[in-house]
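So the protein lines, in turn, are chains B and L.
Each residue of the first sequence is one higher than the one before, starting from 75 at the first, in the working numbering.
Each residue of the second sequence is one higher than the one before, starting from 6 at the first, in the working numbering.
Ideal Cβ positions, reconstructed from N, Cα and C, are used throughout, including at glycine.
First the structure, in the form of structure tokens, and then the observations on it.
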Amino acid sequence: MTSPKHQRRGRRHPLAGIALLVLGLFVTGGAYSATTAGIASAQEAPVPSASLVEDGERLFLANCASCHGTNSEGTEAGPSLIGVGALSVEFQVGTGRMPMAASGPQAEKKPVQFTQPQIDAMGAYVQALAPGPTLPDPRYYAGDGDAAVGAELFRINCAMCHNVAGAGGALTEGKWAPAVVDVEPIHVYAAMVTGPQNMPVFSDMNLSPEDKNDIITYLQYVENNPSVGGFSLGSIGPVAEGLFVWIIGLGVLIAITIWLTAKAH
Amino acid sequence: MAKEPEEHGDAYESDAYESYEPEPGSALERSDAPQNPGLPDEEHRITDKDPKAARTAERRIAMFFGLSVVGSIFATVAYVIFPIIPGDMTSVRLNNGLIGLGITLGLLGIGFGAVYWAKNLMSDEEMIEERHPTRGDDDTREKASQIFTDANKESGFTRRSLVRNSLIGALLATPIPAVVLFRDLAPAASPTEKMKQTMWDQGVRLTRDPSGEPIRAADVTIGSAFHVIPEGLKETKSGKLEEKAKAAVLLMRLPIEDLNASEERRDWSYQGIVAYSKICTHVGCPVALYEQHTHHLLCPCHQSQFDVSNECEVIFGPAARPLPQLPITVDEAGYLVAQSDFTEPVGPSFWEREL
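The following block contains the structure:
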């Protein structure tokens with residue numbers, strides 16, 4: 075046990091290999107995010123000035139025009155943006171859905187690709203093309219409304235697609251309704267007004283701005299009040315819960331039954 | 006036929022087996038009769054052979070029971086230390102979770118300990134207990150039969166036929182009130198008519214669910230979806246949910262060029278605004294998962310899909326019929342109103358439905 079070989083081996087902790095792997099992953103991930111952040115900030119920094127629309131146009135031509143057309147008239151790859159308004163830009167770009175990484179049944183939420191001033195500039199440009207929904211007064215998404223009224227409106231208007239707990243759900247042909255908890259209140263508001271992708275529009279004539287604030291209040295209530303019953307299993311309803319009971323619950327029962335009837339040795 | 010060795014206990018040597026005789030004339034020879042293979046040799050457990058292992062098992066059983074004590078104490082302590090604070094849901098979760106954990110440990114500890122005890126320390130000798138015959142002996146049977154004969158003689162049940170027959174008649178008459186009473190639980194009129202009618206009628210305004218405010222056609226922007234109840238439903242006192250379950254409607258506005266209406270339904274919509282029953286024709290779930298670009302309506306229960314642009318025809322799933330369309334128009338004040346009730350019964354099939 076005193077040979078140099080054994081001493082060297084003894085000094086290395088059994089978890090050293092795992093620690094090295096974790097360190098390596100951190101370094102790679104860090105380097106990646108540093109480079110991508112560098113690319114994002116290397117895109118022209120907008121100057122908040124009267125030329126906001128021009129900045130927006132430049133950003134639009136560089137990032138959006140290949141699908142939406144150089145005059146926002148729309149192409150086969152993307153719809154026209156005339157009249158969609160600055161609020162649509164805030165929702166689509168502000169949640170990272172646009173620019174799309176790949177065409178598919180619907181755009182996915184992903185890390186935001188632009189800074190807020192850049193998003194505002196593109197919004198100003200799209201708004202300048204033709205008037206559309208603009209950013210609402212912050213008091214309409216402050217989340218200080220009536221959660222009980224919001225819950226009733228949510229159950230009637232939203233829950234059939236987005237799930238009563240806001241966990242989201244499946245639609246037709248590969249599309250889905252995303253989860254609506256842990257979403258920025260402005261984006262919840264924007265989605266109702268603009269009806270992104272296949273979501274129907276809930277204009278102010280359908281749900282008043284106060285109604286929308288109540289719905290946002292309800293969603294924040296759901297976020298801040300964890301499930302009392304313990305594991306919520308994603309709150310996605312009877313399929314997930316049934317699967318859990320059939321596999322885990324019955325599995326444990328079968329295991330105990332086998333143990334009960336097996337002969338001891 | 007040789008007797009089985011004695012080692013498995015005497016209950017095993019059933020005389021039923023020994024007394025087996027083939028029927029006269031049967032070709033079966035005794036040597037062909039199925040041989041009783043007997044029980045496999047008893048394998049004794051390590052706890053039977055090794056006193057050290059038995060002591061280990063003993064300690065393990067005690068450990069299970071000890072764990073049970075710990076669990077019960079834990080549940081009690083947790084109940085005191087983590088009380089339910091009114092209004093704080095997290096405290097409810099913590100309180101219930103820890104009490105549940107403690108009680109689970111308390112019960113499972115006893116159960117696992119008892120099973121482990123039975124399996125490892127209690128006797129594992131196998132034995133057969135013969136069941137006693139079901140048939141009573143002749144004396145008992147004779148006595149039972151005598152009781153009936155005596156009872157018949159003393160009561161005159163057979164002899165006094167007037168008494169017997171009137172008793173049978175009285176017994177037959179007792180359920181009659183129940184039949185009448187239970188029959189009257191059903192609605193007096195045929196329920197079929199109720200299932201064919203809803204609150205919608207000519208001139209009834211379409212109103213928002215739940216507020217009951219009427220909807221102007223101009224409010225319904227393209228791509229919008231409104232959840233609609235008939236005017237007056239909100240004020241209904243009795244049977245409100247029954248009426249809502251039949252009359253719930255989804256109102257959508259499509260770009261007018263996307264709408265393919267047949268000749269007779271051309272004037273059932275207004276400027277691309279269409280209204281369809283929200284009750285699935287499969288088993289009656291609310292169908293309201295509307296996609297504003299594909300114009301698909303999805304039922305969340307069984308994935309039936311309806312194409313709103315083609316009069317809600319079924320394009321996927323188990324539903325057999327399109328969703329019924331509510332004919333709508335606008336009144337002079339600009340509000341959306343129904344032209345009539347639905348032209349067919351809403352919801353799933355029922356026995357008396359003609360279509």
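Restricting to runs no shorter than 4 residues, where is the alpha helix (DSSP H) found entirely within the region 48-123 of chain L?
51-54, 56-86
Cβ-based neighbour list, LYS183 (chain B), same chain, cut-off 7 angstroms, excluding 5 preceding and 5 following
Along the first sequence, read from residue 1 onward, the residue named residue 183 (chain B) stands at position 109. Excluding residues within five positions, the ones whose Cβ falls inside 7 angstroms are THR169, GLY170, ARG171, PRO252.
Residues that DSSP places opposite ASP312 (chain L) in a beta bridge
Translated into the one-based positions of the second sequence, residue 312 (chain L) becomes position 307. Answer is L:HIS301, L:GLU318.
Chain-ordered residues of the region 290-311 of chain B with a beta carbon less than 7 angstroms from chain L:
ASN299, PRO300, VAL302, GLY304
For TYR292 (chain B) and PRO182 (chain L), what's the separation of their Cα atoms in angstroms?
Position 218 of the first sequence, counted from the first residue, corresponds to residue 292 (chain B). Position 177 of the second sequence, counted from the first residue, corresponds to residue 182 (chain L). In a straight line, the C-alpha of TYR292 (chain B) is about 54 angstroms away from that of PRO182 (chain L).
Spatial neighbours of GLY143 (chain B) within its chain, please: CB distance less than 6 angstroms, with the 5 preceding and 5 following residues excluded, ordered by chain position.
By 1-based counting over the first sequence, the position of residue 143 (chain B) is 69. Around GLY143 (chain B): THR149.
Between PRO153 (chain B) and the rest of its own chain, which residues show a CB-CB distance below 8 angstroms, the 5 nearest in sequence each way excluded?
To locate residue 153 (chain B), count along the first sequence from 1; it is residue 79. Around PRO153 (chain B): HIS142.
Can you tell me where the beta strand (DSSP E) holding HIS236 (chain B) begins and where it ends?
Walking along the first sequence from the start, residue 236 (chain B) turns up at place 162. Looking at the DSSP string, HIS236 (chain B) is not in any beta strand (DSSP E); the run it does join, the alpha helix (DSSP H), is 233-236.
Would you report the Cα separation of THR61 (chain L) and ASN125 (chain L), rounded to the nearest angstrom?
Sequence index remark: in the second sequence, residue 61 (chain L) carries index 56 (1-based). Sequence index remark: in the second sequence, residue 125 (chain L) carries index 120 (1-based). For THR61 (chain L) and ASN125 (chain L), the distance between alpha carbons rounds to 10 angstroms.
N- and C-terminal bounds of the alpha helix (DSSP H) containing THR145 (chain L)
Here residue 145 (chain L) is taken as the residue at index 140 of the second sequence, counted from 1. Note, THR145 (chain L): alpha helix (DSSP H), 143-160.
Please tell me whether LEU203 (chain B) and LEU161 (chain B) are closer than 8 angstroms, where the distance is taken between their beta carbons.
Position 129 of the first sequence, counted from the start, is the residue given in the question as residue 203 (chain B). Position 87 of the first sequence, counted from the start, is the residue given in the question as residue 161 (chain B). No, the pair does not count as a contact, with Cβ atoms beyond the cut-off.
Contact set between the region 263-286 of chain B and chain L, restricted to residues whose Cβ is under 8 angstroms from the partner
GLY269, GLN271, ASN272, MET273, PRO274, VAL275, PHE276, SER277, MET279, ASN280
Where do the ends of the beta strand (DSSP E) carrying HIS232 (chain L) lie?
Taking the second sequence and counting its residues from 1, one reaches residue 232 (chain L) at position 227. Counting along the chain, the beta strand (DSSP E) containing HIS232 (chain L) begins and ends at 230-235.
Between ILE322 (chain B) and chain L, is the shortest Cβ-Cβ distance under 8 angstroms, so that the two count as touching?
Walking along the first sequence from the start, residue 322 (chain B) turns up at place 248. It does not: the Cβ of ILE322 (chain B) has no partner Cβ on chain L nearer than 8 angstroms.
Please report the straight-line C-alpha distance between PRO91 (chain L) and ASN299 (chain B), rounded to a whole angstrom.
Along the second sequence, one-based indexing puts residue 91 (chain L) at 86. Along the first sequence, one-based indexing puts residue 299 (chain B) at 225. Rounded to the nearest angstrom, the two C-alpha atoms are 14 angstroms apart.
Consider the Cβ of LEU245 (chain B): report whether some Cβ of chain L lies at a distance smaller than 8 angstroms.
In the first sequence, the residue the question calls residue 245 (chain B) occupies position 171. True, the Cβ-Cβ gap to chain L drops below 8 angstroms.
Across the region 241-255 of chain B and the region 166-186 of chain L, are there enough close Cβ pairs to call them in contact, namely three or more that are closer than 8 angstroms?
no
If you pair each beta-carbon of the region 97-111 of chain L with each one of the region 52-67 of chain L, do three or more pairs fall below 8 angstroms?
no
Measure the Cβ-Cβ separation of LEU255 (chain L) and ALA223 (chain L) and say whether it is below 8 angstroms.
Along the second sequence, read from residue 1 onward, the residue named residue 255 (chain L) stands at position 250. Along the second sequence, read from residue 1 onward, the residue named residue 223 (chain L) stands at position 218. Cβ atoms of LEU255 (chain L) and ALA223 (chain L): not closer than 8 angstroms.
From the DSSP output, in three-state form, read off THR241 (chain L) for me.
Counting from one through the second sequence, the residue named residue 241 (chain L) turns up at place 236. In the structure shown, THR241 (chain L) sits in coil (DSSP, three-state: anything other than H, G, I, E or B).
Spell out the partners DSSP gives VAL342 (chain L) in its beta bridges.
Locating residue 342 (chain L) in the second sequence gives position 337, counting from the first residue. Looking at the DSSP assignment, VAL342 (chain L) forms a beta bridge with L:ARG210, L:THR334.
Within the continuous alpha helix (DSSP H) that includes ILE133 (chain L), where are the two ends?
Residue numbering aside, residue 133 (chain L) sits at position 128 when the second sequence is read from its first letter. Element bounds for ILE133 (chain L): n/a, residue is neither H nor E.
Are the beta-carbon atoms belonging to GLY228 (chain L) and PRO274 (chain B) less than 8 angstroms from one another?
By one-based count along the second sequence, residue 228 (chain L) stands at place 223. By one-based count along the first sequence, residue 274 (chain B) stands at place 200. Against a cut-off of 8 angstroms, the Cβ pair of PRO274 (chain B) and GLY228 (chain L) comes out as a contact.
Taking three-plus beta-carbon pairs below 8 angstroms as touching, is the region 233-247 of chain L in contact with the region 260-271 of chain L?
no
Please list, in chain order, the residues of the region 211-228 of chain B that have any C-beta partner in chain L closer than 9 angstroms.
The region 211-228 of chain B vs chain L, Cβ under 9 angstroms: GLU226, LEU227.
Are the CB atoms of PRO329 (chain L) and SER282 (chain L) nearer to each other than 8 angstroms?
What you label residue 329 (chain L) is simply residue 324 of the second sequence in a count that begins at 1. What you label residue 282 (chain L) is simply residue 277 of the second sequence in a count that begins at 1. Their beta carbons are under 8 angstroms apart, which means PRO329 (chain L) touches SER282 (chain L) by this criterion.
Any beta carbon from chain L within less than 8 angstroms of CYS141 (chain B)'s own beta carbon?
Residue 141 (chain B) sits at position 67 when you count from the first residue of the first sequence. No, CYS141 (chain B) does not count as interfacial toward chain L.
For a contact defined as C-beta to C-beta under 9 angstroms, what are the partners of GLN297 (chain L) on chain B?
Residue 297 (chain L) sits at position 292 when you count from the first residue of the second sequence. Under the 9 angstroms cutoff, chain B gives GLY269, GLN271, ASN272, MET273, PRO274, VAL275.
Counting along the chain, where does the alpha helix (DSSP H) carrying ALA136 (chain B) start and finish?
Residue 136 (chain B) sits at position 62 when you count from the first residue of the first sequence. 126-137 is the span of the alpha helix (DSSP H), which, as asked, contains ALA136 (chain B).
Exposed or buried, what is LEU190 (chain L) when buried is set at 16 or more other beta-carbons lying within 10 Å of its beta-carbon?
By one-based count along the second sequence, residue 190 (chain L) stands at place 185. Exposed, since its Cβ has fewer than 16 Cβ neighbours within 10 Å.
When you compare only the Cα positions, how much space is there between THR226 (chain L) and PRO207 (chain B)?
The residue given as residue 226 (chain L) occupies position 221 in the second sequence. The residue given as residue 207 (chain B) occupies position 133 in the first sequence. In this model, THR226 (chain L) and PRO207 (chain B) are separated by some 13 angstroms (Cα to Cα).
Given GLN180 (chain B) as reference, the closest of L:CYS317, L:ARG164, L:THR299, L:HIS307 once Cα atoms are compared:
Within the first sequence, numbered from 1, the residue matching residue 180 (chain B) stands at position 106. Distances from the CA of GLN180 (chain B) to each of L:CYS317, L:ARG164, L:THR299, L:HIS307 were compared; the closest alpha carbon is that of L:THR299.
Under 7 angstroms, CB to CB, which of the residues in the region 99-127 of chain L have a partner in chain B?
Taking 7 angstroms as the Cβ-Cβ cut-off against chain B, the residues of the region 99-127 of chain L that qualify are GLY102, VAL120, LYS124, ASN125.
Alpha-carbon spacing of ALA338 (chain B) relative to PHE117 (chain L), whole angstroms
Sequence index remark: in the first sequence, residue 338 (chain B) carries index 264 (1-based). Sequence index remark: in the second sequence, residue 117 (chain L) carries index 112 (1-based). If I take the Cα positions, the gap works out to 14 angstroms.
So LEU211 (chain L) and ILE333 (chain L) are in contact, right, with Cβ under 8 angstroms, and what is the actual spacing, rounded?
By 1-based counting over the second sequence, the position of residue 211 (chain L) is 206. By 1-based counting over the second sequence, the position of residue 333 (chain L) is 328. Contact holds; Cβ gap of about 7 angstroms.
From this set, B:LEU126, B:LEU227, B:GLU258, which residue's C-alpha is nearest TYR199 (chain B)'s C-alpha?
For this step, residue 199 (chain B) is matched to residue 125 along the first sequence. It is B:LEU126 whose Cα lies nearest to the Cα of TYR199 (chain B).
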